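The structure under discussion appears below in the form of structure tokens.
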Amino acid sequence: MICGVNDSNIPYLENLLDTTIYVRGVDISYDGENRSVSQMFQSLMKRLEKLAKAGVPIAESEIFMEYQSLLTEMQFPEAEEAAASDPASLTINLGNRSVFPKSRTQKKYLEAIANSQITFAGGPAGTGKTFLAVAYSLSQIISGRKQKLILSRPVVEAGESLGFLPGDLGQKLNPYLKPLYDSMEFLISPQMIKRLEDSSMIEISPLAYMRGRSLHHACIILDEAQNTTVEQMKMFLTRLGEDSTAIVTGDITQTDLPRNKVSGLVHAMSILQGIEGISFVNFHSQDVVRSRIVQRIVDAYEKNK
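All the letters of the sequence shown, read from the start, carry residue numbers -10 to 294 under my numbering.
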């Protein structure tokens, strides 16, 4: 299972480790006696075997995240103790699909969500900020621990003036909330999504429509929060009611606000530090799980700042 369909993962592993890999039946070996390569190869195989035994399909993203995690441990030995704890202990079960953190930052993120009333997550696209927030929130409403999942985004492109667009609110918002739906459709069936929407257990709401509400017993996700103003962020955070959890995600380097506007995400992450019940998690390019080239693109833009 580590090798992939028709050994499709082998060329990727060879390129990653800069060595030749041989597959003989269920045995995988490598060519060479380089000590660092040997250490990495053996450690990587152990981690991939563990994932495979847990039923996780081994794709390039899984291989790369485990490789990056091992590299970090080798560079920062003091982090080994933190890495030793099993990420699978934070597994999110959603019927036929299970989700668990693929990096230490993702593990820290899920722990923060589970133990905080408000969690801010900043960092580049592809790090799992939104996906894990949706997975956690779905598990909460499906299990009955929360009554509702509310998905919100600031609709900057339309100025949040949606009345001129055709269709009902859901149809008007669909293009803006499609990334959130993509995550849900990966995790649960379209039929289940519709049932949850019809029973008002999933609600979509543009940020401006949340003014004046108090949200109780809910998981509330504010995505693309870098595009909120300071006033909008304050309004959102003060909607939080009894037994509710808010997850605020965004990338402060990708704001679409006018230049004279301060991002509500930047402002909140500055002034709310140290408040009990609020956690902050910062993702970096090393946490990107989409593909190796996405991480390289993020790194290139970081270097060109």
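Where is the CB? At the ideal position from N, CA and C, for every residue including glycine. Keep in mind it's a predicted model, so treat the numbers as computed, not measured.
- Kindly indicate which residue of 135, 31, 233 has the alpha-carbon position closest to the one of residue 59. Comparing Cα positions, the closest option is 31.
- Reducing DSSP to helix, strand and coil, say where residue 235 ends up. Residue state, collapsed to three classes: strand.
- Taking residue 103 as the reference, give the member of 81, 252, 13 with the closest Cα. Checked all of 81, 252, 13; the closest Cα to residue 103 is 81.
- Task: Below 6 Å CB to CB, which residues in the same chain sit around residue 208 once its five sequence neighbours on both sides are set aside?
- Result: Sequence-distant Cβ neighbours of residue 208 in its own chain, meaning closer than 6 Å and more than five residues away, are 126, 129, 135, 138, 234.
- Message: Whole angstroms are fine: how far does the CA of residue 249 sit from the CA of residue 33?
- Response: Each residue's alpha carbon lies about 48 Å from the other.
- Buried/exposed call for residue 13, threshold 16 Cβ in 10 Å: Exposed is the call here.
- Item | Inter-residue Cα distance where the pair is residue 186 and residue 95 | Our two residues, residue 186 and residue 95, have alpha carbons roughly 28 Å apart in a direct line.
- List the whole-angstrom C-beta distance separating residue 302 from residue 263, where the pair is believed to meet the contact cut-off of C-beta under 8 Å. Nothing in the structure corresponds to residue 302, since the chain is present only between -10 and 294.
- Query: Using 8 Å as the Cβ pair cut-off and three pairs as the minimum, do the region 270 to 278 and the region 105 to 113 touch?
  - Reply: Yes: the two stretches touch, three or more of their Cβ pairs being nearer than 8 Å.
- With distances taken from CA atoms, which of 212, 203, 213 is nearest residue 224? Closest option to residue 224, judged by alpha-carbon separation, among 212, 203, 213: 203.
- Message: Just list the residues that DSSP pairs residue 81 with in beta bridges.
- Response: 88, per the DSSP bridge assignment.
- Item | residue 219 versus residue 229: straight-line alpha-carbon distance, rounded | Taking the straight line joining both Cα atoms gives about 17 Å.
- Apart from the five residues just before and just after residue 67, which ones in its own chain have a Cβ nearer than 8 Å to its Cβ? In this predicted model, residue 67 has a pLDDT of only 38, less than 50, meaning its place in the structure is not dependable enough to derive any value.
- Go through its chain and collect everything with a Cβ distance to residue 295's Cβ below 6 Å, but skip five positions before and after it. Here the chain comprises residues numbered -10 to 294, so residue 295 is not present and cannot be evaluated.
- Work out the CA separation of residue 48 and residue 124 for me, nearest whole Å. Residue 124 and residue 48 have their C-alpha atoms roughly 20 Å apart.
- Selection from 25, 50, 26 that minimises the alpha carbon distance to residue 37: Of the listed residues, the one whose Cα sits closest to residue 37 is 50.
- Query: Going by C-alpha distance, which of 24, 25, 23, -2 is nearest residue 17?
  - Reply: Of the listed residues, the one whose Cα sits closest to residue 17 is -2.
- Could you pull out every residue in the same chain whose Cβ sits closer than 6 Å to the Cβ of residue 191, ignoring the five residues on either side in sequence? Around residue 191: 138, 185.
- Task: Using a threshold of 8 Å, state whether the C-beta atoms of residue -4 and residue 9 are closer than that.
- Result: For residue -4 and residue 9, no; Cβs fall outside 8 Å.
- Taking only runs that begin and end inside the region 200 to 271, name each unbroken alpha helix (DSSP H) of 4 or more residues, in chain order. Runs of alpha helix (DSSP H) with 4 or more residues, each lying fully within the region 200 to 271, are found at 219 to 226, 253 to 260, listed in chain order.
- Item | Neighbourhood of residue 244 by C-beta distance below 7 Å, restricted to the same chain and skipping five residues each side | In its chain, beyond the 5 residues on either side, 215, 216, 252 have a beta carbon closer than 7 Å to the beta carbon of residue 244.
- Where in the region 111 to 146 do unbroken runs of the alpha helix (DSSP H), each at least 4 residues long, occur, reported from the N-terminal end onward? With a minimum length of 4 residues, the continuous alpha helix (DSSP H) runs that stay inside the region 111 to 146 are 118 to 131.
- Among 132, 131, 133, 166, nearest to residue 144 - alpha-carbon criterion: When only C-alpha atoms are compared, the closest one is 166.
- Check whether the Cβ atoms of residue 298 and residue 97 lie closer than 8 Å to each other. With the chain covering only -10 through 294, there is no way to say anything about residue 298.
- Item | For residue 120 and residue 169, the rounded distance between their alpha carbons | Between the C-alpha atoms of residue 169 and residue 120 there is a straight-line separation of about 8 Å.
- Item | Distance, residue -7 Cα to residue 231 Cα | Rounded to the nearest whole angstrom, the C-alpha separation of residue 231 and residue -7 is 47 Å.
- Item | residue 172 (DSSP reduced to helix, strand or coil) | In the structure shown, residue 172 sits in a helix (DSSP, three-state: H, G or I).
- Task: Please go through the same chain and pick out, in chain order, the residues whose beta-carbon is closer than 8 Å to the beta-carbon of residue 44, but skip the five residues on each side of it.
- Result: Excluding sequence neighbours, residue 44 sits near 87.
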